[in-house]
Structure formats: structure tokens, C-alpha cells
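The listed protein sequences derive, respectively, from chains A and B.
When you read off a place in the first sequence, starting at 1, and then add 610, the result is the number in this note's numbering.
When you read off a place in the second sequence, starting at 1, and then add 212, the result is the number in this note's numbering.
For glycine and all other residues, C-beta sits at the position ideal for the given N, C-alpha and C.
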Amino acid sequence: MSTDANADYRRAFRVDAADNVATMLEDVERGPVMIYGTDLPQIVDAPAPVALGHKLALARVDPGEPVVKYGVAIGLATAPIMPGEWVHLHNCRSQVDERSNRLDPITGAAKDTPYA
Amino acid sequence: MPDAAWQGFLRADGRKGIRNLILVVYTVECASFVAHAVGSGENDVHVVGFPGCYDNAYAIRLMLALVNHPNVGACLAVGLGCEYTQPAKLAEAAAASGRPAEWFYIQDAGGTRPGIARGKAALASLREKIARQTTQAPMGWEDLTIGAECGGSDGTSGLAGNPVVGRFFDHLVDRDGRAVFEESVEMIGLRDVLVSRAATPQAASELDAAYRKAENYCREVRQYSVSPGNFAGGLTTIEEKSMGAFAKSGTRPIQGVLRVSQSPPHSGLWLLDSVPDPHFMQFGYTNPNDTEGIMDLISTGAQIVLFVTGRGSVIGSPVAPLIKVTGNSRTFERMIDDMDFNAGPILIGEQTLDESAAALTDLVAKVAAGAASKPEALGHREYFLMYKHQETPALAEGCRA
Numbered sequence: 611m612s613t614d615a616n617a618d619y620r621r622a623f624r625v626d627a628a629d630n631v632a633t634m635l636e637d638v639e640r641g642p643v644m645i646y647g648t649d650l651p652q653i654v655d656a657p658a659p660v661a662l663g664h665k666l667a668l669a670r671v672d673p674g675e676p677v678v679k680y681g682v683a684i685g686l687a688t689a690p691i692m693p694g695e696w697v698h699l700h701n702c703r704s705q706v707d708e709r710s711n712r713l714d715p716i717t718g719a720a721k722d723t724p725y726a
Numbered sequence: 213m214p215d216a217a218w219q220g221f222l223r224a225d226g227r228k229g230i231r232n233l234i235l236v237v238y239t240v241e242c243a244s245f246v247a248h249a250v251g252s253g254e255n256d257v258h259v260v261g262f263p264g265c266y267d268n269a270y271a272i273r274l275m276l277a278l279v280n281h282p283n284v285g286a287c288l289a290v291g292l293g294c295e296y297t298q299p300a301k302l303a304e305a306a307a308a309s310g311r312p313a314e315w316f317y318i319q320d321a322g323g324t325r326p327g328i329a330r331g332k333a334a335l336a337s338l339r340e341k342i343a344r345q346t347t348q349a350p351m352g353w354e355d356l357t358i359g360a361e362c363g364g365s366d367g368t369s370g371l372a373g374n375p376v377v378g379r380f381f382d383h384l385v386d387r388d389g390r391a392v393f394e395e396s397v398e399m400i401g402l403r404d405v406l407v408s409r410a411a412t413p414q415a416a417s418e419l420d421a422a423y424r425k426a427e428n429y430c431r432e433v434r435q436y437s438v439s440p441g442n443f444a445g446g447l448t449t450i451e452e453k454s455m456g457a458f459a460k461s462g463t464r465p466i467q468g469v470l471r472v473s474q475s476p477p478h479s480g481l482w483l484l485d486s487v488p489d490p491h492f493m494q495f496g497y498t499n500p501n502d503t504e505g506i507m508d509l510i511s512t513g514a515q516i517v518l519f520v521t522g523r524g525s526v527i528g529s530p531v532a533p534l535i536k537v538t539g540n541s542r543t544f545e546r547m548i549d550d551m552d553f554n555a556g557p558i559l560i561g562e563q564t565l566d567e568s569a570a571a572l573t574d575l576v577a578k579v580a581a582g583a584a585s586k587p588e589a590l591g592h593r594e595y596f597l598m599y600k601h602q603e604t605p606a607l608a609e610g611c612r613a
């Protein structure tokens, strides 16, 4: 497995073989992402930016289907998610925490507390 | 994990510490200025206190656990003179454990300046006593209780930072040490995973009860243990954060559930339940900030606490050194003066989890032997003692067992 810094792909990490998402190990603007962690490395094309620490879909996930990481459902898709796409608050929701579904997807800032 | 041995401080109650501190504890916010002035400029003195005028059983148990902590050799309790919490009782408890202890009221001392002078004189006397009384003794892993907490988590915390702490905990437990993790509010969605780790049916029942209480609590206060910074760092749901947080428990069986101020009764891995028990007054959030959880961990007698942070944090702790671990190499480099350990190389295949855990073990052994962790060297001594309702554990099971 190459970790050559000059390689023209970015890297992501999949924790469990059952996962349909991987976590970015660096920022990607767009383009190929090499998925490490389980099985043989595979490449997924990111159509748009995904930041370090954020998740990238490895397979299509339809609304209502589980988003799986660590081998467990960490939430349900709320919109169609295509392989390579960013998975976050805009297309995935918690099954227990209703408040988190109303936060800004980029900054995480709460939008439900009045300041005036 | 290699056998480790270093010289520690043997207390009269048989506990062994890795630091030889004098703890100044104040009993109401009104006494905090004088208490901090007394501790100012004294390297071996740490200051903690409780801000409320009305006393609280949980907070008092926490303070008792701190004055009798293994790393504490002597205690000075400082009160104003009107509050419910009694500094004399704290000093008595410390003295009963064989620790030199003094206390006074600032009103009796004559105010700010005489109070500070009284405190400084007490420190000199206490320091002379512990220098005379405390003996050194060899220590190893079996004498250590180590806590683990995470905060400022990001997408790397669950992949590298927490797993390396989990692997270290496995080794510590295998060496007959005591490992304590908390944050049951960060196990939401993981009831079955948690209960399946129980060492005994009794432990399974304790873990199930702790889980249910945490989930109910979050639902009632409509706040789960996940913050804007977590979301910005890539964590999407509390379930995702929970799986990452739980990784710091490692893989060994969980012996049972401790409550705040209880020490683990025997070696192995323990869950600390810091969630408030049901009460007619809502006492706010479970861990309103990281420091609150760290103080709860220290109350179990932890001589060291490992703190995993992906986004970076600049807190430290009194009484027990905090060791900062990150799984985010970018954070490690950006906040190099604050971060003790980088588990990031695991993620790019430069290090295996075992190699990283071995390096972390070496670092913990150095800190146990007296080397300052980075927050400790920077002088970070944050503390947070709050009102909380938790049923009182039997005294025999508590901090003085």
C-alpha cells in the first residue's frame, strides 16, 4: 500500500467492512480518494469537497436507509446519497437526537436558540 | 507493556501517589480569591473549590475524594465563614486519613490580607510535615488508576486517539492496573454493545441501568453530548460520536459501574457514571464541559488522566496530571506546546495501533515517574465542581475504602 505524498489521490479510512462511509484523512477538493482500513484499498471519486474528519459515501444510500460506520447504524439518510458524496447533517440524521438535525451543516452552529 | 517501576509517595492510608501535593480547597466562591492567592507562586500547591453557598452531598463527596487523593499529601481548607459547606469537616477527613491538614475562616482571620498570610503560614507548616512524614515507595502499573476522557472530538478521535487509549487500557488491565472511563452520555445507541462487555451478570445489570439513565437524561433535557465543534469536525450524529468515544474503553470486560468519588474496588476496567440521578430539581447537563468530567475521573483516585482531543484543547487539571492525546496530526503540529501524544501516524499506516500504544505506555510511565505532562508544565489547573444530585454510595465503598 503506497503512502507516497506525491500520489494524485487523497486518503480516507474505513473502520469496518460493513461500513458504507469512510472518514477523510485529509481534505479533498474533488477527484480520486483511496480508501484504507479494511480489505484492499479501493478508489472512490469525490465529485465535491469533503474535509478532513468528514465522511464520504462508499455506496449509494437511499433516504431512510442506515448510514453505517464502525459496523453500526450511526444515522439514517434523509436524501439520496451517491458514492463519493459528503455525508453529514444535510443528508443524514440521528435516530435519537432531534436537535442535531437543525444545525448548520458546515459550522455545526445551533440555529434554534434565539439571541434577540 | 514492559514492567515499570518508579518511586512514588506512600500515604498513611496505604495509597500511593505520583505527586506530592498540598491541596487548597475553598468552600464557597467568596473564599476563592484568598484561596488562589494562598496557592499563587507555590509549585506544589493546587487549588480547587466549590462555588455554591448551599451545600450539596455530591460536591462534598467530590471534595472529600480530592483531599484524600493519592497524589495529595496535605490539605488546607479555606472558608469565608457563612457558607453551609464546612471546611473543618474537609480538614478532619484529610487528617483522619493521616494527611496533615489545617483549615480557617477568612472572616476569623481578619479579611483578605490576614487570610492570605494565615494560608501561607499554614502551607509552610504543612510542607514541613509532609516532608518529614511521607515515605517513598516503589510503584508499578498495579498501583495506578488511570482515567480517560475525550473532548473537542473530531473524525479522527474515534479512528486513532480513542483506539490507542483503548489499547493502552487493555495493557494496563492485563498488568492489574485500574482503568476508568466515563461519558455514559456518549454511549447513546450502544446499549447492546456496552452490556455485552460486562464481566459478570451484576456488572451487566449496572451497565444497563447506567445506560438507561443516561439516555433518559439526554432525552429529558433535549441535549445530547455533542457540540458544534464536533459537527464541524465531521461527526454527524451522537451515535457516531458515541462509537468513537467508546473505543477508548479498549476490549477488556467491564467490572462494574462506579459513582463519582468511588474508587475501583479491584483491578480491571470500570465505567464511571457521572450522570445525575433523577431528582425533582433538574441539575443541568451531565458533563457541562470537559473539565467537569475530568474532575469526576480524578475523584476515583486516578493519579493520571488521558484526554483525547481531535480538534485540540488547552485545558489541564489539578491533583492528577492530564496527558493530551490527539489522532489528528494537523492538530498535533498546530498546538504542539499543548499536545503530549500524536496517534495520527496510525491512520496513514506509519505506525500500528500496538506500536502507538507502546509509545503511549512509555509516556505514561515517564509522567508517573515525575516528568511533567504538557498541560502540567504550562500550569493548567482548571477545575469545575458543580451542583449535582447523585445518591450517596455507602461510605465503605467510597473514597476512603
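- In this structure, DSSP gives residue 674 of chain A a state outside helix and strand, which the three-state scheme calls coil.
- A residue is called buried once 16 or more other Cβ atoms fall within 10 Å of its Cβ, and residue 672 of chain A, having fewer, is exposed.
- For residue 395 of chain B, the CB contacts under 6 Å within the same chain, skipping 5 residues up- and downstream, are 457 in chain order.
- With fewer than 16 neighbouring CB atoms inside 10 Å of its own CB, residue 546 of chain B falls in the exposed class.
- Boundaries of the alpha helix (DSSP H) around residue 543 of chain B: 541-546.
- Sixteen is the threshold: when 16 or more other Cβ atoms of the shown chains lie within 10 Å of the Cβ of residue 437 of chain B, as they do, the residue is buried.
- With fewer than 16 other beta carbons inside 10 angstroms of its own, residue 492 of chain B counts as exposed.
- Pairing residue 640 of chain A with residue 657 of chain A gives a Cβ-Cβ distance under 9 Å.
- Neighbours of residue 650 of chain A in chain B, taken as residues at a C-beta separation under 7 Å, are lacking, since the least C-beta distance is about 14 Å.
- Each residue's CA atom was taken as its position, placing residue 424 of chain B and residue 596 of chain B some 26 Å apart.
- The beta carbon of residue 715 of chain A sits closer than 9 Å to some beta carbon of chain B.
- Collapsing the DSSP output to three states places residue 584 of chain B in coil.
- Neighbours of residue 368 of chain B in chain A, taken as residues whose beta carbon is under 7 Å from its own, are 663 in chain order.
- Chain B places a beta carbon closer than 9 Å to that of residue 708 of chain A, counting this residue as a contact.
- When the five nearest sequence neighbours on each side are left out, the beta carbons in the same chain lying within less than 6 Å of the beta carbon of residue 341 of chain B are those of 312, in order along the chain.
- Between the alpha carbons of residue 718 of chain A and residue 308 of chain B lies a gap of roughly 50 Å.
- By the CB criterion at 9 Å, residue 435 of chain B and residue 709 of chain A fall inside the cutoff.
- With respect to residue 284 of chain B, residue 233 of chain B sits close: the two C-beta atoms are nearer than 9 Å.
- Setting aside the 5 residues that flank it on each side, residue 286 of chain B is surrounded in the same chain by 234, 311, 312, 313, 338, 341 and 342, each with a C-beta closer than 7 Å to its C-beta; the list follows chain order.
- Neighbours of residue 725 of chain A across chain B, judged by C-beta separation under 9 Å, do not exist; the nearest C-beta is about 14 Å away.
- When CB distances to chain B are screened at a threshold of 8 Å, the residues of the segment 685-706 of chain A falling below it are 685, 697, 698, 699, 702, 703, 704, 705 and 706, in chain order.
- Sequence-distant Cβ neighbours of residue 566 of chain B in its own chain, meaning closer than 8 Å and more than five residues away, are 379.
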